[in-house]
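Enquirer: Positions -18 to 145 (this note's numbering) are the ones given, in order, by the sequence shown.
Backbone N, C-alpha and C define an ideal beta-carbon position, used for all residues, glycine too.
This structure is a prediction, so every number in the text was calculated from the model and none was measured.
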Amino acid sequence: MIIKATEKDISTIQDLAKKSWQSAYGNILEQEQIAYMLDLMYSDDTLKTHFKNPNYHYYLINEDEVFLGFIGFEFHNEPETTKLHRIYFLKEAQGKGLGKKALEFLKNEVGKSGDRRITLTVNKNNIAQNFYESQGFKVYDEAVFDIGNGYVMDDYLMEYIISY
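#1: Using the rule of at least 16 other Cβ atoms within 10 Å of the residue's Cβ for burial, across every protein chain shown, is S1 buried or exposed?
#2: Helix, strand or coil: how does DSSP classify F56 here?
#3: Which parts of the region 43 to 105 are runs of the beta strand (DSSP E), unbroken and 3 residues or longer, counting only runs that do not cross its ends?
#4: By how many angstroms is the C-alpha of D20 removed from the C-alpha of Y37?
#5: With a threshold of 8 angstroms on Cβ separation, who are the neighbours of D96 within its own chain once the five nearest residues in sequence on each side are excluded?
#6: Let's test the definition: count the other Cβ atoms within 10 Å of the Cβ of V133 and tell me whether it reaches 16, buried, or not, exposed.
#7: Report the rounded CA-to-CA distance for G129 versus E90, giving the unit in angstroms.
#8: Tell me whether F32 sits in a helix, a strand or coil according to DSSP, three-state version.
#9: Nearest-angstrom Cα distance between N34 and K81?
#10: Under the assumption that L84 contacts Q110 (Cβ atoms under 8 angstroms), give the Cβ distance between them as a whole number of angstroms.
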């Protein structure tokens, strides 16, 4: 089930992020960089700012009353473009089709918003790129983002075009 998150769910999002990032990035990034990025992207202040933005939405994904993942996206991040900022699942949730359901949900929501494109960034060494490609996303560029503290994100930029 996909449930709209609110500010009261910040601690749940933070907990899911911390747990899911270990399986997503443990073999790609140093533990110090993971800790830095989690603090940067999932601090109370950062998440509260997201919840105040009417175009930014978080949804929790649960199965059998247990939260297994979340998705965070922003409508109109660029003209006619929704940015998928976050989609993470606990290791035990992988392979259950929940990521596919979350992306189908996102595509439907984006269609209702009037946007025509979904973009995301994925670490060049993250096998999640294969999942995104299986769901119709294509690499359109690559970029290195300086995120401070001597760290960078070396990512592929991917997109999905909504067809009406």
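Expert: The short version:
#1: Sequence index remark: in the sequence shown, residue 1 carries index 20 (1-based). So S1 ends up on the buried side.
#2: Looking up residue 56 in the sequence shown gives position 75. The DSSP-derived three-state label of F56 is strand.
#3: Here the runs fully enclosed are 47 to 59, 62 to 70 and 98 to 104.
#4: On the sequence shown, residue 37 is found 56 positions in, with the first residue counted as 1. On the sequence shown, residue 20 is found 39 positions in, with the first residue counted as 1. Answer to the nearest angstrom: the Cα atoms are 19 angstroms apart.
#5: Position 115 of the sequence shown, counting from 1, holds the residue named residue 96. Around D96: F56, H57, E61, T62, T63 and I143.
#6: One-based indexing of the sequence shown puts residue 133 at position 152. Its Cβ having fewer than 16 others within 10 Å, V133 is exposed.
#7: Within the sequence shown, the letter at position 148 stands for residue 129. Within the sequence shown, the letter at position 109 stands for residue 90. Within the model, the alpha-carbon separation for G129 versus E90 is close to 33 angstroms.
#8: Sequence index remark: in the sequence shown, residue 32 carries index 51 (1-based). Note: F32 maps to helix in three-state DSSP.
#9: Here residue 34 refers to the residue found at position 53 when the sequence shown is read from its first residue. Here residue 81 refers to the residue found at position 100 when the sequence shown is read from its first residue. Taking the straight line joining both Cα atoms gives about 26 angstroms.
#10: Taking the sequence shown and counting its residues from 1, the one referred to as residue 84 is at position 103. Taking the sequence shown and counting its residues from 1, the one referred to as residue 110 is at position 129. In fact, because the Cβ distance is near 14 angstroms, the residues do not count as touching under 8 angstroms.
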